[in-house]
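Participant: First the structure, then my questions, so here it is.
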């Protein structure tokens with residue numbers, strides 16, 4: 059048996075944890091630069107506010123209905139996610155972190171437990187420890203657990219916990235689920251299935267296996283097997299290594315000078331380096347892209363991208379920033395009003411293999427020097443202790459390109475100055 063634990067309206071729920079005045083009040087969270095709505099509380103959904111709607115299109119509704127609007131606070135959301143996952147790790151022997159607000163739990167050793175009651179215990183414990191509401195779906199396969207979790211969220215009858223442990227319950231759940239809502243199917247494959255009159259998960263489970271394998275390939279065959287109770291997807295205890303890392307931002311205002319754009323690019327390259335060191339990986343390729351707004355006049359639009367092969371696999375901030383700057387020199391066009399830029403590092407490999415990849419040219423170092431490794435370790439240690447950005451390279455700076463975050467809530471769990479004060 060598998061349990062899927064999914065946080066309810068996670069970003070909006072995080073904003074409510076440290077602000078009790080938001081309870082029972084509609085809450086929405088905006089994307090980068092306060093552009094579109096990316097999270098909604100149940101009260102906001104009831105007002106008809108759609109996911110992805112630009113804020114300016116529903117500004118009147120937000121004002122009239124007194125909706126609480128927040129900028130994305132990823133520091134808060136990331137820390138709250140870590141607290142939720144730490145709590146869940148103590149409630150099951152094995153856990154797979156599926157996303158920032160979802161995790162699979164291995165329930166195979168809980169045969170003598172009332173699993174519905176244990177699901178309720180999970181909900182109570184997570185809410186008590188973190189203040190975040192969750193729903194729990196429990197079933198014999200991960201795909202069925204996804205369906206069970208969806209029913210636990212959508213139907214009040216389940217009270218947040220849905221257990222599918224009999225053939226009759228599984229058939230009923232599959233008949234209530236549209237085929238496009240099945241994990242692994244999505245909208246594109248669902249068009250083909252609808253054309254074949256396969257409208258629900260039950261229809262897909264009953265479809266001829268040969269037809270499914272021919273048209274949906276191995277992925278579809280696994281989904282069908284999971285829907286019929288045959289587990290094909292075990293708990294992944296070790297997250298697959300990343301193939302690439304990207305750091306990008308949309309700017310709060312147009313960036314027109316090389317200096318401002320260079321500060322943004324250096325900051326993004328530096329963040330990629332920090333992520334590489336956390337992954338214990340090194341990169342051999344770096345890509346830079348810069349662009350204007352897609353809504354500018356045709357003559358004023360510009361999108362440039364270039365990739366460079368690094369002289370050796372590296373995770374050093376200074377090396378990556380210098381490489382990004384060399385690409386910026388090639389891509390930058392004077393007179394353009396840039397609204398977005400980003401850095402991608404790729405061709406990743408474990409750091410322990412870095413020294414085995416040698417350059418053809420004797421003048422190039424085969425890997426990061428011991429001095430640079432020590433410097434990066436000291437920088438990471440100081441930033442870990444005193445907060446991100448406490449120590450940085452001079453070229454890393456948000457002046458001139460910082461994104462709009464006019465409605466940012468306090469970082470109550472990650473910034474000393476934002477910690478709540480309780481006065482007696």
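In the numbering used here, the protein residues as written are 59 to 482.
The C-beta atom is built at its ideal place from N, Cα and C for all residues, glycine as well.
Quick check on the burial criterion: 16 or more other C-beta atoms within 10 angstroms. Buried or exposed for residue 320?
Facilitator: The sequence position of residue 320 within the chain shown is 262, counting from 1. Buried: at least 16 other Cβ atoms inside 10 Å.
Participant: Determine the direct distance from the alpha carbon of residue 97 to that of residue 68, and round the result to whole angstroms.
Facilitator: Locating residue 68 in the chain shown gives position 10, counting from the first residue. Locating residue 97 in the chain shown gives position 39, counting from the first residue. The alpha-carbon atoms of residue 68 and residue 97 are separated by roughly 8 Å.
Participant: Starting from residue 241, trace the alpha helix (DSSP H) both ways and give me its first and last residue.
Facilitator: Along the chain shown, read from residue 1 onward, the residue named residue 241 stands at position 183. Where residue 241 is concerned, there is no enclosing alpha helix (DSSP H), given that its DSSP letter is neither H nor E.
Participant: Kindly list the residues whose CB is nearer than 8 Å to the CB of residue 267, restricted to its own chain and excluding five residues on each side of it in sequence; keep chain order.
Facilitator: Your numbering for residue 267 matches position 209 in the chain shown. Counting only Cβ-Cβ distances below 8 Å, and skipping sequence neighbours, we find 279, 282.
Participant: To which residues of the same chain is residue 113 closer than 8 Å at the C-beta, ignoring the five residues directly before and after it?
Facilitator: Numbered from its first residue, the chain shown carries residue 113 at position 55. These residues qualify, in order along the chain: 88, 92, 93, 94, 95, 120, 127.
Participant: For residue 314, collect the residues of the same chain with a Cβ closer than 6 Å to its Cβ; drop the 5 residues on either side in sequence, then sort them by chain order.
Facilitator: Residue 314 sits at position 256 when you count from the first residue of the chain shown. For residue 314, where only same-chain residues beyond five positions count, the Cβ hits under 6 Å are 395.
Participant: Express the C-alpha separation of residue 84 and residue 486 in angstroms, rounding to a whole number.
Facilitator: In the structure as shown, the chain starts at 59 and stops at 482, and residue 486 therefore has no counterpart that could be examined.
Participant: I'd like the span of the alpha helix (DSSP H) that includes residue 122, first residue to last.
Facilitator: Residue 122 sits at position 64 when you count from the first residue of the chain shown. First-last of the alpha helix (DSSP H) with residue 122: 117-122.
Participant: Buried or exposed: which applies to residue 474, given that a residue is buried once 16 or more other Cβ atoms fall within 10 Å of its Cβ?
Facilitator: The sequence position of residue 474 within the chain shown is 416, counting from 1. With fewer than 16 other Cβ atoms within 10 Å, it is exposed.
Participant: Return the Cβ separation of residue 173 and residue 153 in integer angstroms, given the expectation that the two are a contact with Cβ distance under 8 Å.
Facilitator: Reading the chain shown from its first residue, position 115 is the one you call residue 173. Reading the chain shown from its first residue, position 95 is the one you call residue 153. Residue 173 to residue 153, Cβ: 16 Å. No contact.
Participant: Tell me residue 410's beta-bridge partners as DSSP assigns them.
Facilitator: Locating residue 410 in the chain shown gives position 352, where the first residue counts as 1. None, per the DSSP bridge assignment.
Participant: In the DSSP output, which residue or residues are listed as bridge partners for residue 62?
Facilitator: For the purposes of this step, residue 62 is identified with residue 4 of the chain shown, where counting begins at 1. Paired residue(s): 162, 195.
Participant: Check whether the region 208-217 and the region 242-249 touch, using three or more Cβ-Cβ pairs below 8 Å as the test.
Facilitator: Not touching, per the Cβ criterion.
Participant: Whose CA, out of 339, 291, 264, lies closest to the CA of residue 276?
Facilitator: Mapped onto the chain shown, residue 276 falls at position 218. Of 339, 291, 264, the residue nearest in Cα terms is 291.
Participant: Could you name the residues of the same chain whose beta carbon sits closer than 8 Å to that of residue 326, not counting the 5 residues immediately before and after it, in chain order?
Facilitator: The residue labelled residue 326 in the question sits at position 268 within the chain shown. Answer for residue 326: 305, 306, 307, 382, 399, 400, 401, listed in chain order.
Participant: The alpha helix (DSSP H) that contains residue 388, what's its start and end?
Facilitator: Reading the chain shown from its first residue, position 330 is the one you call residue 388. From DSSP, the alpha helix (DSSP H) with residue 388 extends over 375-389.
Participant: Whole angstroms is fine: what's the gap from residue 192's alpha carbon to residue 140's?
Facilitator: Stepping through the chain shown from its first residue, residue 192 is reached at position 134. Stepping through the chain shown from its first residue, residue 140 is reached at position 82. About 14 Å.
Participant: Is the region 366-379 touching the region 330-344, taking contact as three or more C-beta pairs under 8 Å?
Facilitator: In short, these stretches touch, since the Cβ pair count reaches three.
Participant: Do residue 346 and residue 389 come within 8 Å of each other at the CB atom, strictly closer than that value?
Facilitator: Residue mapping note: residue 389 aligns to position 331 of the chain shown, counting from 1. Residue mapping note: residue 346 aligns to position 288 of the chain shown, counting from 1. Their beta carbons are under 8 Å apart, which means residue 389 touches residue 346 by this criterion.
Participant: Should the region 223-236 be called in touch with the region 65-82, which here means at least 3 C-beta pairs below 8 Å?
Facilitator: As far as the Cβ criterion goes, the region 223-236 does not touch the region 65-82, which means the pair count is below three.
Participant: Taking the Cβ atom as the reference point for each residue, do residue 377 and residue 343 lie within a distance shorter than 8 Å?
Facilitator: As a working note, residue 377 is residue 319 in the chain shown. As a working note, residue 343 is residue 285 in the chain shown. Not closer than 8 Å, so no.
Participant: Which partner residues of residue 303 appear in the DSSP bridge assignment?
Facilitator: Position 245 of the chain shown holds residue 303. Residue 303 pairs with 403.
Participant: Classify residue 420 as helix, strand or coil using the three-state DSSP reduction.
Facilitator: Sequence index remark: in the chain shown, residue 420 carries index 362 (1-based). For residue 420, the predicted model reports a pLDDT of 47, less than 50, meaning its position is unreliable and no value from the coordinates is stated.
Participant: Please work out which residues of its chain come closer than 8 Å, Cβ to Cβ, to residue 430, disregarding the five sequence neighbours upstream and downstream, and give them in chain order.
Facilitator: Translated into positions along the chain shown, residue 430 becomes position 372. Contacts found: 374, 376, 377.
Participant: For residue 351, which of helix, strand or coil comes out of DSSP?
Facilitator: Here residue 351 refers to the residue found at position 293 when the chain shown is read from its first residue. Looking at residue 351 - three-state DSSP - the assignment turns out to be coil, as it is neither helix nor strand.
Participant: Could you spell out the range, first to last residue, of the beta strand (DSSP E) harbouring residue 364?
Facilitator: The sequence position of residue 364 within the chain shown is 306, counting from 1. Segment 361-372, the beta strand (DSSP E) holding residue 364.
Participant: Quick check: what's the CA-CA separation for residue 329 versus residue 476?
Facilitator: Locating residue 329 in the chain shown gives position 271, counting from the first residue. Locating residue 476 in the chain shown gives position 418, counting from the first residue. Residue 329 and residue 476: Cα-Cα distance of roughly 23 Å.
Participant: What residue does the beta strand (DSSP E) around residue 128 start on, and which one ends it?
Facilitator: Translated into the one-based positions of the chain shown, residue 128 becomes position 70. From DSSP, the beta strand (DSSP E) with residue 128 extends over 126-128.
Participant: Where does the unbroken beta strand (DSSP E) through residue 157 begin, and where does it stop?
Facilitator: By 1-based counting over the chain shown, the position of residue 157 is 99. Element bounds for residue 157: 153-157.
Participant: Can you list, in chain order, the residues of its chain with a C-beta nearer than 8 Å to that of residue 420? Leave out the 5 residues immediately preceding and following it.
Facilitator: Position 362 of the chain shown, counting from 1, holds the residue named residue 420. Because the pLDDT at residue 420 is just 47, under 50, the model does not fix this residue reliably, and the point stays unresolved.
Participant: Can you check which of these residues, 323, 404, 367, is closest to residue 386 by C-alpha distance?
Facilitator: The residue you call residue 386 lines up with position 328 of the chain shown. It is 323 whose Cα lies nearest to the Cα of residue 386.
Participant: Around the C-beta of residue 478, are 16 or more other C-beta atoms found within 10 angstroms, so that it is buried, or is it exposed?
Facilitator: Counting from one through the chain shown, the residue named residue 478 turns up at place 420. Classification for residue 478: exposed.
Participant: Considering just the uninterrupted stretch of the alpha helix (DSSP H) at residue 449, what are its terminal residues?
Facilitator: Position 391 of the chain shown, counted from the first residue, corresponds to residue 449. Premise fails: residue 449 is in no alpha helix (DSSP H) and is neither H nor E.
Participant: If you draw a straight line from the C-alpha of residue 116 to the C-alpha of residue 367, how long is it?
Facilitator: Stepping through the chain shown from its first residue, residue 116 is reached at position 58. Stepping through the chain shown from its first residue, residue 367 is reached at position 309. Computed Cα separation, rounded: 45 Å.
Participant: Mind checking residue 201: buried by the 16 CB within 10 Å criterion, or exposed?
Facilitator: Along the chain shown, read from residue 1 onward, the residue named residue 201 stands at position 143. Residue 201 is buried by the Cβ-count criterion.
Participant: Which residues does DSSP pair with residue 340 in a beta bridge?
Facilitator: As a first step, residue 340 must be located in the chain shown, where it is residue number 282. DSSP, once it has assigned bridges, lists 407 as partnering residue 340.
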